[in-house]
Amino acid sequence: MTIKDIAKESGYGVGTVSRVLNNNPNVSKKARDRIMEVVNAHNYQPNANARHLKMQAQQGIAIIVKGAQNLLFSSILEKMNPVIEERGYISYVTYIDQDANEIVEAAKLIEDKKPQGLIFLGSNFDQYGVEEIETLNLPCVTVTSNSISYNLKNLSSLSIDDTAAAMYVMDYLHQCGHEHIGIIGGDPYLSSPVQARLMGCRMAMIHVDGQLDMDKQYAYSRFSMESGYKAAKELIAKYPEMTAVFAMSDIIAMGAIRAFCDMGKRVPEDISVVGFDGISSAEYFVPRLATVRQNAERFAVRGAEIVIYAIESGGQAVHEIIPFEFQKGESVKVLKK
-2 MTIKDIAKES GYGVGTVSRV LNNNPNVSKK ARDRIMEVVN AHNYQPNANA RHLKMQAQQG
58 IAIIVKGAQN LLFSSILEKM NPVIEERGYI SYVTYIDQDA NEIVEAAKLI EDKKPQGLIF
118 LGSNFDQYGV EEIETLNLPC VTVTSNSISY NLKNLSSLSI DDTAAAMYVM DYLHQCGHEH
178 IGIIGGDPYL SSPVQARLMG CRMAMIHVDG QLDMDKQYAY SRFSMESGYK AAKELIAKYP
238 EMTAVFAMSD IIAMGAIRAF CDMGKRVPED ISVVGFDGIS SAEYFVPRLA TVRQNAERFA
298 VRGAEIVIYA IESGGQAVHE IIPFEFQKGE SVKVLKK
């Protein structure tokens, strides 16, 4: 008699059976009673060491974090791990560079750790073919990036409406009297969230009968303070009339503010800055950063719930849009018209 045999006879998934055997409280009374009925009927006595090894091998969820300096991912991960553990699973966390290939890394984890599911934080699948993603053959969830366009049964996603969020930022800056707005962000050819945010910027420019000049108004940055610092200097050199900057992450925005300060410019008196993500340090930064807040707790809880549900029920892919909030902060100046 094995756990799989108990699962089959009881009518519940292997994960649920394992949680009952490990005295995890997150199981309904009905499920617990039925599973224990089968266990007692067969006098099942699992070896403690074997049970631990089995739980590690069969109840692991691999989490691939793309971009170690992104504090939004750190916040999501901090809130996600307890949810996974409460459901009786073990998480394997791997950090990779933002330019690394997460599909290759996932394949390695599947080979080494034999996880039951995969969660991707910050992944951009646009650079890979559908065939490559299909080879993972496990329940997968992309968190903070939308993957509905792939139409794969095993690939779910959680994201905000990046286009609407970026359009909101640009509209807000226009309403504050800013006509010359620079943008700092990632590579739009490799990142679907960056593409979506640029689309929002372009739509907002149309609202004021303008166009986005990528050569003049856009500067590429990795998602780090150092890169944001360099991008801000590059941007102001080619766009000196700029009065506001929209940075596609709070980390980039903080680096940009440091650059402006070193150039003798005050924020927001001389130049306004808006970030993106709503990380906790943005609330304590000086000046308090205006930013688009992504709900880290919601991402964490739903990301874990979706992949676990897929593991235990084999359900269809789920794609959810999480609402965003705009925090005005203190880093935007209202210009006189």
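If you count by our numbering, then the sequence shown holds residues -2 to 334, one letter each, in order.
Just so it is clear, CB atoms sit at the ideal spot from N, CA and C, and this is done for glycine as well.
Beta-bridge partners of E83 (DSSP): none assigned.
With contacts defined as CB atoms closer than 7 Å, G183 and K110 fail to qualify as a contacting pair. Remark: fewer than three beta-carbon pairs, one from each stretch, lie closer than 8 Å, so the segment 200 to 208 and the segment 236 to 244 are not flagged as touching.
Unbroken beta strand (DSSP E) runs of no fewer than 3 residues, entirely contained in the segment 70 to 135, are found at 87 to 93, 114 to 118, following chain order. For E99, the number of other beta carbons within 10 angstroms of its own is at least 16, and it is reported as buried. For D168, the secondary structure class from DSSP, reduced to helix, strand or coil, is helix. Cβ atoms of A244 and G225 come within 8 Å of each other, at about 6 Å. Burial check for M211: the Cβ neighbour count within 10 Å stays below 16, so the residue is exposed. In this structure, V138 lies near I303, with their beta-carbon atoms less than 7 Å apart. Rounded to whole angstroms, A28 and L115 show a C-alpha spacing of 26 Å. Remark: fewer than three beta-carbon pairs, one from each stretch, lie closer than 8 Å, so the segment 276 to 292 and the segment 80 to 92 are not flagged as touching.
For the 7 Å CB-CB criterion, A293 and V271 do not form a contact. For V271, the beta-bridge partners assigned by DSSP are F243, A287. H39 sits in coil when the DSSP states are folded into three classes, being neither helix nor strand.
CA-to-CA, the gap between F70 and F220 works out to about 12 Å.
In this structure, G179 places its C-beta atom within 7 Å of the C-beta atom of L232.
If you look at F323, you'll find it in the beta strand (DSSP E) that goes 322 to 324. Collapsing the DSSP output to three states places G12 in a helix.
If you look at L195, you'll find it isn't in any beta strand (DSSP E); it sits in the alpha helix (DSSP H) that goes 189 to 204. Leaving aside the five residues that flank Y306 on each side, the residues in its chain whose CB is nearer than 7 Å to its CB run, in chain order, G312.
Taking a 10 Å sphere around the C-beta of D159, we find 16 or more other C-beta atoms and assign the residue as buried.
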